[in-house]
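**Q** For any residue, its number in our numbering is found by taking its place in the sequence shown, counting from 1, and adding 17. All C-beta atoms in this analysis are idealised placements derived from N, C-alpha and C, irrespective of residue type, glycine included.
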Amino acid sequence: MENKNDVISIIVPCHNEQEVLPFFLEEVEKVYHEMHKKYNTEFEYIFIDDGSKDKTLELLKGYSKENSRVKYISFSRNFGKEAGMYAGLQHATGDYVVIIDADLQDPPHLMDEMYKTLIETDYDCVASCRVDRKGESKIRSFFAHMFYKVIRKISKVDIVDGARDFRMMTRQMVDSIVSLEEYNRFSKGIFAWVGYKTKWIPFENINRKAGTTKWSFWGLLLYAIDGILAFSTAPLALSAILGIVLCCVAIIMIFVIIAKTLIFGDKVAGWPSTACIICFTSGMSMFCNGIIGLYVSKTYSEVKRRPQYIIKTKNVNKK
Ligand code: UDP
Ligand code: MG
C-alpha cells in the first residue's frame with residue numbers, strides 16, 4: 018500500500034448527543050488507529066454542535082483539549098442537520114471527507130472499506146444504504162419507501178431508497194457540493210445532482226446506541242416535501258393539468274346541461290350537486306394555489322439569502 022498521508026475529515030452533526038458522544042469517539046478512534054497503521058492516514062473530526070441544550074458542547078471542548086484531531090463548530094441555535102452538514106463540508110480541509118451520524122447508526126468501521134475503494138478505483142464517492150429498516154415502525158418505513166418512489170419518478174436525480182448521509186467523498190466532489198449555495202438544502206438530492214461515480218455499500222439497519230431520535234413523523238414528512246420541492250417542479254405541472262382537466266369537465270357539463278334544458282325544460286333542481294361541484298372546484302383551486310404557494314415560499318427564502326447557520330464558537334479556521 019502506498020504511503021499517501023491523506024487527511025480524512027470526518028463531519029459529525031450533533032444535536033443533544035451527550036449520551037452517545039463518548040461511545041462514538043471511542044469507536045471512531047479505534048478506526049483511526051487501524052487506518053493510520055494501515056494507510057498512514059490522518060483524521061480531522063469536525064463536530065457540529067447544532068444548538069444542543071445538553072452537555073454536547075462541553076464534551077466537545079473537553080475532547081478538543083485532549084485530542085488535537087477534534088475540532089468543533091457550535092451554532093447559535095438549532096439550524097438542523099442539513100445546515101450542520103453544510104458547515105462541516107465548508108470547514109473540512111481533508112483530501113477525503115466523511116459525513117457520519119453521532120449515534121453509531123452508521124458503522125465507523127466501514128470507513129476503511131470506503132477509503133480503500135476510493136484510492137484503488139476511480140469512484141468519487143462511497144456511500145452507504147440500509148438494506149432493511151429493522152427497528153423502525155411499519156408506517157414510517159411505508160412512507161419512506163413511498164417518498165423514494167415518488168421522488169425518483171418526478172425528479173431527474175437518482176436518489177437511492179434507503180440511502181444514508183453516511184459517505185466518503187473526494188475533495189473534488191466536496192468542492193462541487195459546497196459550490197451549491199442554495200438555502201433549502203436537501204443533501205440526498207444534492208449528492209445525486211452533482212453527479213460523479215458513487216459506489217453503494219449496503220448494510221443492515223442498526224438502532225441508535227444511546228439517546229433518542231431527533232425526528233418526529235411530521236418532521237420527516239415536512240423534510241420529504243422539502244425534498245420534492247427542491248428537486249422537482251412536477252407538482253406545478255400536476256396542478257396545471259388538474260386545472261385543464263376540470264375545465265374540460267366543466268365545458269362538457271355546460272353542453273350537457275344546455276341539451277338537457279332544451280329537451281326536458283328547466284326544473285329548478287339539482288342545487289346539492291351544484292354545491293358539491295362548487296366545493297370540489299374551489300377545493301382543487303385552493304390545492305393548486307397551495308402548491309404554487311409552496312414554491313413561492315421556497316423562492317422567498319432563497320432570495321432573502323440568509324446564512325444557513327450562525328456560528329457562536331468554533332476551533333476551526335477554514336471557510
Ligand atoms: N441532528 C442534527 N440536528 C438536528 C437533528 C439531528 O445535527 O436538528 C443530528 C443528530 O445529532 C444525529 C444525526 O443528525 O447525529 C441524525 O439524527 P437522528 O439520529 O436523530 O436521526 P435518525 O437517525 O433517527 O434519522
Ligand atoms: Mg440516528
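Per DSSP, what are the beta-bridge partners of residue 145 in this structure?
**A** The residue you call residue 145 lines up with position 128 of the sequence shown. Residue 145 is bridged to 218.
**Q** Taking C-alpha atoms, which residue in 190, 229, 204 and 231 lies nearest to residue 212?
**A** For the purposes of this step, residue 212 is identified with residue 195 of the sequence shown, where counting begins at 1. When only C-alpha atoms are compared, the closest one is 190.
**Q** Quick one: Cα of residue 127 to Cα of residue 100, how far?
**A** Translated into positions along the sequence shown, residue 127 becomes position 110. Translated into positions along the sequence shown, residue 100 becomes position 83. Distance between the alpha carbons of residue 127 and residue 100: 24 Å.
**Q** Might you give, ordered along the chain, the residues of its own chain that have their beta carbon closer than 6 Å to the beta carbon of residue 325, omitting 5 neighbours on each side?
**A** Taking the sequence shown and counting its residues from 1, the one referred to as residue 325 is at position 308. Cβ neighbours of residue 325 beyond the five flanking positions: 100 and 103.
**Q** Taking only runs of the alpha helix (DSSP H) that begin and end inside the stretch 185 to 240, which ones reach a length of at least 4 residues, in chain order?
**A** The qualifying runs are 188 to 196 and 204 to 210.
**Q** Using DSSP's beta-bridge definition, name the partner residues of residue 41.
**A** Sequence index remark: in the sequence shown, residue 41 carries index 24 (1-based). None; residue 41 has no bridge partner.
**Q** Between which two residues does the beta strand (DSSP E) holding residue 61 run?
**A** Along the sequence shown, read from residue 1 onward, the residue named residue 61 stands at position 44. Note, residue 61: beta strand (DSSP E), 59 to 66.
**Q** Under the three-state reduction of DSSP, which class applies to residue 330: helix, strand or coil?
**A** To locate residue 330, count along the sequence shown from 1; it is residue 313. Strand at residue 330.
**Q** According to DSSP, is residue 140 part of a helix, a strand, or is it coil?
**A** Taking the first residue of the sequence shown as position 1, residue 140 is located at position 123. In this structure, residue 140 counts as coil in the three-state DSSP scheme.
**Q** Throw me the rounded Cβ distance for the residue 119 and residue 31 pair, which I believe falls under 8 Å.
**A** For the purposes of this step, residue 119 is taken as the residue at position 102 of the sequence shown. For the purposes of this step, residue 31 is taken as the residue at position 14 of the sequence shown. Yes, they are in contact, since the Cβ atoms of residue 119 and residue 31 sit about 5 Å apart, within 8 Å.
**Q** Alpha carbon to alpha carbon, how far is residue 146 from residue 207? Give it in angstroms, no decimals.
**A** In the sequence shown, the residue the question calls residue 207 occupies position 190. In the sequence shown, the residue the question calls residue 146 occupies position 129. Their Cα atoms are separated by approximately 16 Å.
**Q** Rounded to whole angstroms, what is the Cα-Cα separation between residue 330 and residue 296?
**A** Start at 1 with the first residue of the sequence shown, and residue 330 comes out as number 313. Start at 1 with the first residue of the sequence shown, and residue 296 comes out as number 279. Going by the C-alpha atoms only, they are around 54 Å apart.
**Q** Taking the Cβ atom as the reference point for each residue, do residue 71 and residue 33 lie within a distance shorter than 7 Å?
**A** Stepping through the sequence shown from its first residue, residue 71 is reached at position 54. Stepping through the sequence shown from its first residue, residue 33 is reached at position 16. Cβ atoms of residue 71 and residue 33: closer than 7 Å.
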